[in-house]
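For the sequence shown, position 54 matches number 54 in full-length UniProt numbering, and the numbering has no gaps at all. Backbone N, C-alpha and C define an ideal beta-carbon position, used for all residues, glycine too. One structure is given below, encoded as structure tokens.
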Amino acid sequence: MDTATLLGPLKDATRREVGGVQVDVVRTGNSRVKRVVYPVGFRWSKDLKPVIGTELCQHAHVGFLAAGKLGIQYADGTQEEYVAPQVVAIAPGHDGWVIGEEPAILIEFDFEGETVERLGLKRA
Numbered sequence: 001m002d003t004a005t006l007l008g009p010l011k012d013a014t015r016r017e018v019g020g021v022q023v024d025v026v027r028t029g030n031s032r033v034k035r036v037v038y039p040v041g042f043r044w045s046k047d048l049k050p051v052i053g054t055e056l057c058q059h060a061h062v063g064f065l066a067a068g069k070l071g072i073q074y075a076d077g078t079q080e081e082y083v084a085p086q087v088v089a090i091a092p093g094h095d096g097w098v099i100g101e102e103p104a105i106l107i108e109f110d111f112e113g114e115t116v117e118r119l120g121l122k123r124a
């Protein structure tokens, strides 16, 4: 897939990079829309755990995987695989990684500190 259009400039976005992950954020009312680009070879436990300092990712991720493949593993060992194009709903308490030789591009929606509660993504 040609990802050039997905990676083009995003009007009104604020860009940051954390652990090699590119994040473009646009505020939309009471929420945010983010374009998150996970590079080939990315793994949360290798690239972000040292930066964030928690054992697993404690964020919920809800959105549309527009390109690439993602693997997810929860603390209980449950694994999920997402392949674009696919809707994604990932609860907090997970490790995640890019599968294959293509970056994963996730268009994510969140409510900052209220995402888990507002979207009902609590993990038992």
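Annotation: THR115 to GLU101 spans about 30 angstroms, alpha carbon to alpha carbon. Put simply, of ALA13, GLY68, ILE107, PRO85 the residue whose alpha carbon is nearest the alpha carbon of GLY41 is GLY68. With respect to the C-alpha of LYS46, the residue from ARG32, PHE64, VAL21, LYS34 having the closest C-alpha is VAL21. Taking C-beta atoms under 8 angstroms as the contact rule, VAL18 and LEU48 qualify, at a distance of about 7 angstroms. In the structure shown, GLU102 adopts coil according to DSSP, grouped into three states.
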